[in-house]
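As structure tokens, the structure follows; a few thoughts come after it.
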Amino acid sequence: MTHFVLVHGGWHGAWCWADEIAALERRGHSASAVHLPSDDTQAGAQRYAEVIAAAVREPGADVVVGHSLAGLAIPLVPQLVPVGALVFLASLLPEPDRSWRDQLATSRPMAEWFYDKALPHQGRDELGRSTWPPTVAAELFYHDCPHETAVAAVSSLRPQSSAPIAETTPLKAFPDVPLHYIGCRADRAVSRAWAERTARERLGAEVTWIDGSHSPFLARPDELADVLVSVEA
């Protein structure tokens, strides 16, 4: 049996993993979901990594799964606690000595839908944290989810601090543990071409593709669980 530590992406919370935890448990595994301090304007990737590391139950064996923005934090976790493997799910990938904002400016890592349909509508709150209008968030993250699932998810989103995006990554090199990347074929957030190229260059991994949107833990948790349990630590 493997224990999976599930880490949400930007604007989300531990709530988004409930169906995935159930799917993994049906397969004889266990999982727990981390709640990152995403709305804390002072919390960057290192703070995220500390929260994730504290959730590891069996050092050296647990598989840490990071969705989207969490990809900037999970490579820092093995510096704090041994893990069995890291899985990047529809994930951003840090580049040593650069910020994610720098990558946005030079390598176009996001999907064209994100740039054309979503980004022009992104908002900011009084603390400068990013927010999404509900209709945009539903189309960006949950376009293949049941309507009631998308509505519930949108209502649970919270502001996202820019700290892990604006800072130069604390990562100096990717850790020497098994590294995997799972991509989503209909992702409207992360570019498929960027993911294929960058996973190969930075992780030494080929992307494992699954159908659907940026949020497979809500749209198709059983399909995602089947892929996760096949990961080799």
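In short: position in the sequence shown from 1, add 127, done, that's the numbering used here.
Where is the CB? At the ideal position from N, CA and C, for every residue including glycine.
Since the structure is predicted, the reported quantities are computational estimates derived from the model, not experimental observations.
Straight-line gap, residue i to residue j (C-alpha atoms, nearest Å)
i      : j      : result
Asp182 : Glu222 : The sequence shown places Ala at residue 182, not Asp. Straight-line Cα distance between these residues: approximately 25 Å.
Thr295 : Asp224 : 6 Å
Asp167 : Thr335 : 33 Å
Leu216 : Pro305 : 14 Å
Cys272 : Val210 : 31 Å
Ala172 : Glu275 : 32 Å
Leu267 : Val161 : 22 Å
Val134 : Ser357 : 18 Å
Val132 : Ala158 : 6 Å
Arg313 : Ala332 : Checking the displayed sequence, the identity of residue 313 turns out to be Ala instead of Arg. Going from the Cα of Ala313 to the Cα of Ala332 covers about 20 Å.
Leu231 : Cys143 : 26 Å
Gly198 : Ser218 : 5 Å
Thr325 : Ser234 : 10 Å
Glu253 : Pro291 : 18 Å
Phe344 : Ala300 : 29 Å
Gly255 : Arg327 : 34 Å
Arg251 : Ala141 : 22 Å
Test item: CB-CB of residue i and residue j under 7 Å
i      : j      : result
Gly187 : Gln287 : no
Ala212 : Val190 : yes
Arg347 : Leu220 : no
Trp227 : Arg315 : no
Glu277 : Ala265 : With the sequence shown as reference, residue 277 is identified as Ala, and Glu is not the correct amino acid for it. Result yes, Cβ atoms of Ala277 and Ala265 sit closer than 7 Å.
Leu355 : Pro202 : no
Tyr269 : Ser318 : no
Pro205 : Trp321 : no
Arg154 : Ala352 : yes
Residue environment, residue i, which counts as buried when at least 16 other CB atoms sit within 10 Å
i      : result
Ala293 : exposed
Pro247 : exposed
Ser282 : exposed
Gln169 : exposed
Arg285 : exposed
Thr129 : buried
Gly310 : buried
Tyr308 : buried
Ala238 : buried
Cβ of residue i within 7 Å of any chain C Cβ
i      : result
Gly331 : In the structure shown, chain C does not exist; there is a single protein chain.
Residue i: CB within 6 Å of a non-hydrogen atom of the ligand COA
i      : result
Ala145 : No copy of the ligand COA occurs in the structure displayed, which carries no ligand at all.
_Segment contact flag, the region 142-152 with the region 172-179, C-beta cutoff 8 Å, min 3 pairs_ = no
*Count the C-beta pairs between the region 259-270 and the region 318-338 that are closer than 8 Å, then say yes if the count reaches three, no if not.*
no
*asked:* Suppose only complete runs of 4+ residues qualify. What are the alpha helix (DSSP H) ranges in the region 253-329, listed by chain order?
replied: 261-268, 274-283, 290-293, 319-325
*Going along the chain, which unbroken runs of the alpha helix (DSSP H) with 4 or more residues stay wholly within the region 149-237?*
172-181, 227-233
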